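J.: Chains P and U supply the protein sequences, listed in that same order.
The first sequence: position 35 = 36 (the numbering used here), numbered continuously.
The second sequence: position 14 = 29 (the numbering used here), numbered continuously.
Ideal Cβ placement from N, Cα and C applies to all residues, glycine included.
Every value quoted in this text rests on a predicted model; they were computed, and no experiment measured them.
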Amino acid sequence: AQSVAQPEDQVNVAEGNPLTVKCTYSVSGNPYLFWYVQYPNRGLQFLLKYITGDNLVKGSYGFEAEFNKSQTSFHLKKPSALVSDSALYFCAVRDRSDYKLSFGAGTTVTVRA
Amino acid sequence: DAGVIQSPRHEVTEMGQEVTLRCKPISGHDYLFWYRQTMMRGLELLIYFNNNVPIDDSGMPEDRFSAKMPNASFSTLKIQPSEPRDSAVYFCASTKGTSGALTDTQYFGPGTRLTVL
């Protein structure tokens with residue numbers, strides 16, 4: 002069975018500071034990994050995904066994520082956070098047998114001005 | 016591209032009533048997913064379809080829930096009878112799925128916020 006853990010319910014950072022949202026996964030075999038963002042009263046928006054190749058993946062809005070197979074992690078990062086990055090972030094994993102995605106519980110990011 | 020379309024955006028109903036949620040996937044997408052989001056349980060996959068055929072409905076909570084996909088551009092999720100514990104945000108998502116390598120991204124609709132009184 003596949004699963005995702007987001008160990009932090011909340012992350013608070015000051016605008017302009019680096020932002021990291023942590024994610025670890027469990028899956029049999031090689032994973033496909035995704036990050037989504039959800040703004041209040043909106044659906045989930047796709048940020049980026051890791052399929053294969055370079056461990057550093059770049060996505061929308063200046064976000065990037067680093068795949069670390071030995072640590073089974075896929076942390077989301079942004080070098081300089083904006084107030085508008087305040088939202089709920091979800092990590093998701095899919096194994097290579099079907100299209101089902103397993104989501105983490107989500108991390109609420111608050112960026113203060 | 017219009018994205019995944021869901022209706023209604025908000026639904027308030029009374030316990031015991033039938034509720035029907037609707038979804039139009041992105042044109043050309045072969046897979047459609049229904050999720051439920053609650054504070055207690057997070058995002059749960061209820062059911063998904065491939066080419067209009069249900070593939071996995073193991074997440075459907077009970078017989079009160081049913082889903083159909085009569086054609087490639089429309090799906091419904093029905094709850095009958097509804098109960099207060101069904102109150103949640105229900106999302107529909109779709110993915111192209113033609114690569115065969117399962118690498119395609121799922122795109123989500125805006126959701127339907129259901130409140131059962």
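1) So with CB distances below 8 Å, who are the chain C contacts of residue 104 (chain P)?
2) Got a sec: is the Cβ-Cβ distance from residue 60 (chain P) to anything in chain U below 8 Å?
3) Does the beta carbon of residue 71 (chain U) sit closer than 8 Å to a beta carbon anywhere in chain P?
4) Given that a residue counts as buried once 16 or more other Cβ atoms are within 10 Å of its Cβ, and exposed if not, what is residue 44 (chain U)?
5) Distance cutoff 8 Å, beta carbons only. Does residue 100 (chain P) sit that close to anything in chain U?
6) Have a look at P:105, P:76 and P:109 and flag the residue whose alpha-carbon is nearest the alpha-carbon of residue 84 (chain P).
7) Using a Cβ-Cβ cut-off of 8 Å, state whether residue 95 (chain U) counts as contacting chain P.
8) Have a look at U:120, U:104 and U:78 and flag the residue whose alpha-carbon is nearest the alpha-carbon of residue 111 (chain U).
9) Quick check on residue 106 (chain U) - is its C-beta less than 8 Å from some C-beta in chain P?
10) Would a check of beta-carbon distances place residue 44 (chain P) closer than 8 Å to chain U?
11) Would you please verify whether the beta carbon of residue 117 (chain U) is less than 8 Å from any beta carbon of chain P?
12) Please report the residue range of the beta strand (DSSP E) in which residue 69 (chain P) lies.
13) If I'm right that residue 107 (chain U) touches residue 27 (chain U) with Cβ under 8 Å, what's the distance once you round it to whole angstroms?
14) Tell me the DSSP secondary structure of residue 99 (chain U) in three-state form.
15) So if DSSP puts residue 128 (chain U) in a beta bridge, which residue, or which two residues, is it bridged to?
T.: Let's see:
1) Absent here is chain C; the protein component of the structure consists of chains P and U.
2) Not flagged as an interface residue toward chain U: residue 60 (chain P), since no C-beta distance is shorter than 8 Å.
3) At least one chain P Cβ lies under 8 Å of residue 71 (chain U).
4) The residue in question, residue 44 (chain U), is buried, as its Cβ has 16 or more Cβ neighbours within 10 Å.
5) So, interface residue.
6) Cα-wise, what sits closest to residue 84 (chain P) is P:109.
7) Output row for residue 95 (chain U): interface = no.
8) From the listed residues U:120, U:104 and U:78, the smallest Cα separation to residue 111 (chain U) is found for U:120.
9) Cβ-Cβ to chain P under 8 Å: yes for residue 106 (chain U).
10) Among the residues facing chain U, residue 44 (chain P) is included, as its CB has a counterpart in that chain under 8 Å away.
11) It does: the Cβ of residue 117 (chain U) has a partner Cβ on chain P nearer than 8 Å.
12) Run containing residue 69 (chain P): 65-69, per the beta strand (DSSP E) assignment.
13) Contact between residue 107 (chain U) and residue 27 (chain U) is ruled out by a C-beta separation of about 19 Å, above the 8 Å threshold.
14) It is helical.
15) In the DSSP output, where bridge partners are listed per residue, residue 128 (chain U) has U:25 and U:104.
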